[in-house]
């Protein structure tokens, strides 16, 4: 039920107002005379599904072209808990995502519109935003209104499920590569507004304690599931600092002539899928707070290690990689580019060998969190006082759940067996 209770809007952000809703409704419908009559706000993400922002679904009732209209949008807002904001550096991540939508996606939209291919952009449309470091929010189209539904972050995905996401990444990365090939200076200009929010040496003191807990959990899993094996012995000598520094190195030494604008955080909760009338499946990608310029392999690796199970990796790992590259080739051809001129299969497979470790290292942080049930997830708003480090909130410990522990150990074993570590 909708109302005219302005406190509902203020619960999103003190700067999220009725005027904001009107501007959103105008952009959404194209009617400059649209009128907002009432609204409602409800939570749009479950506990444990989103840590860096508060996500709401906002219903807007109004008059469009003189007729009653109801629309829903998604609003990502900076948490109102000031301690949580400080601990998690929320403003840094919001600044990065705002730049992604206002600079990078704006360029992609312009590029695709000129080619009559805007429908290829599988990213929610940005309908409004505010960025001041304290009251930030981003308004996005509601993918549910287009038939998309969320994904269970607790399940391990099978081959056919993974193909849907690999195709979605091929589509998104293919657009990025086509823009790079055809409008390189424009892309470089747009991406200069992105700022690495995690894997840079200055953030080790902020991130290192928690990342160490994550690696400790993975080492414990290996010791219990694969004790005394060469893989367990190799990983036992690995430190969180070495893995973190490797990620920093890969970002600093990437081939700056060939890159995509990575999603950066490609675990299950950042996708929604739907079935099209012809029976095909497609996906939409969202939550770009970790967007960065890097090898597309990073997104694939992170997805593989946080979402798939051992059986899928063992049977279909190479198939998925080849499927992705072939799908990207088709998208780029549709946009007037030849993938072989910029990112041939040989270069892609070379980057798999060299760069897959990035998704492996980052995935070891995310996988333990993704396997927590809602009851086990951390309450980030229960933070007050002098808590200064994320490790004081994300108090991750080795799991006693054998299924989850084996899943974590199998990720480590796969990375080592394939020479990524």
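In this note's numbering, the protein residues as written are 4 to 424.
All residues carry an ideal CB built from backbone N, CA and C; glycine is no exception.
Check this for me: beta carbons of residue i and residue j, under 7 Å apart or not?
i	j	result
residue 39	residue 59	no
residue 191	residue 182	no
residue 19	residue 202	no
residue 248	residue 306	no
residue 172	residue 35	no
residue 75	residue 148	yes
residue 393	residue 90	yes
residue 425	residue 264	Nothing about residue 425 can be reported from this structure: the residues present for the chain run from 4 to 424 only.
residue 24	residue 63	yes
residue 331	residue 176	yes
residue 69	residue 28	no
residue 359	residue 294	no
residue 418	residue 409	no
residue 41	residue 72	no
residue 334	residue 186	no
residue 165	residue 323	yes
residue 196	residue 313	no
residue 308	residue 169	no
residue 26	residue 131	yes
Residues in its own chain within less than 6 Å of residue i by CB, not counting five upstream and five downstream?
i	result
residue 401	220, 223
residue 94	136
residue 153	275
residue 162	315, 319
residue 415	221, 225, 238
residue 128	144
residue 67	32, 34, 37
residue 104	129
residue 151	275, 277, 287
residue 340	181, 184
residue 243	214, 215, 218
residue 78	15, 59, 61, 140, 142
residue 138	16, 17, 18
residue 267	293, 294, 295
According to DSSP, is residue i helix, strand or coil?
i	result
residue 141	strand
residue 160	strand
residue 153	coil
residue 294	coil
residue 131	strand
residue 422	coil
residue 171	helix
residue 41	strand
residue 311	strand
residue 17	coil
residue 340	coil
residue 51	Unreliable placement is indicated for residue 51, whose pLDDT of 48 sits below 50; the coordinate value is still reported in the next sentence. Note: residue 51 maps to coil in three-state DSSP.
residue 407	helix
CB-CB under 7 Å to residue i, same chain, minus the five flanking residues each way: which ones, in chain order?
i	result
residue 111	124, 178, 182
residue 250	202, 361, 364, 365
residue 160	310, 311, 315
residue 229	235, 412, 416
residue 46	59
residue 55	91, 93, 96, 292
Identify, in the order they occur along the chain, each residue of the same chain with its Cβ nearer than 8 Å to the Cβ of residue i, setting aside the five sequence neighbours on each side.
i	result
residue 198	95, 98, 99, 102
residue 9	20, 21
residue 399	213, 216, 217, 220, 371, 372
residue 167	276, 284, 285, 286
residue 210	201, 247, 393
Should residue i be counted as a contact of the ligand ADP given a C-beta to heavy atom distance under 6 Å?
i	result
residue 153	In the structure shown, the ligand ADP is absent, as is every other ligand, since no ligand is present at all.
(message) Measuring CB atoms only, is the segment 338-348 touching the segment 360-370, in the sense that at least three cross pairs come out at less than 8 Å?
(response) By the Cβ criterion, the segment 338-348 is not in contact with the segment 360-370, since fewer than three pairs of Cβ atoms, one from each stretch, lie closer than 8 Å.
(message) If we require 3 or more residues per run, which beta strand (DSSP E) segments fall completely within the segment 240-289?
(response) Secondary structure in the segment 240-289: the beta strand (DSSP E) runs of 3 residues or longer, each lying completely within the stretch, are 263-265, 274-278, 284-288 in chain order.
(request) Count the C-beta pairs between the segment 236-244 and the segment 216-225 that are closer than 8 Å, then say yes if the count reaches three, no if not. (result) Yes, the segment 236-244 is in contact with the segment 216-225.
(request) For the segment 88-115, list the alpha helix (DSSP H) runs that are entirely contained and at least 4 residues long, ordered along the chain. (result) Given a length threshold of 4 residues, each whole run of the alpha helix (DSSP H) inside the segment 88-115 is given here in chain order: 93-102.
(request) Ignoring anything shorter than 3 residues or poking outside the segment 57-92, list the beta strand (DSSP E) runs there in chain order. (result) Entirely contained in the segment 57-92, the beta strand (DSSP E) runs reaching 3 residues are, in chain order, 57-67, 70-80.
(message) Threshold first: 4 residues or longer. Then list the alpha helix (DSSP H) segments lying entirely within the segment 170-219, N to C.
(response) Qualifying alpha helix (DSSP H) stretches, in chain order: 187-194.
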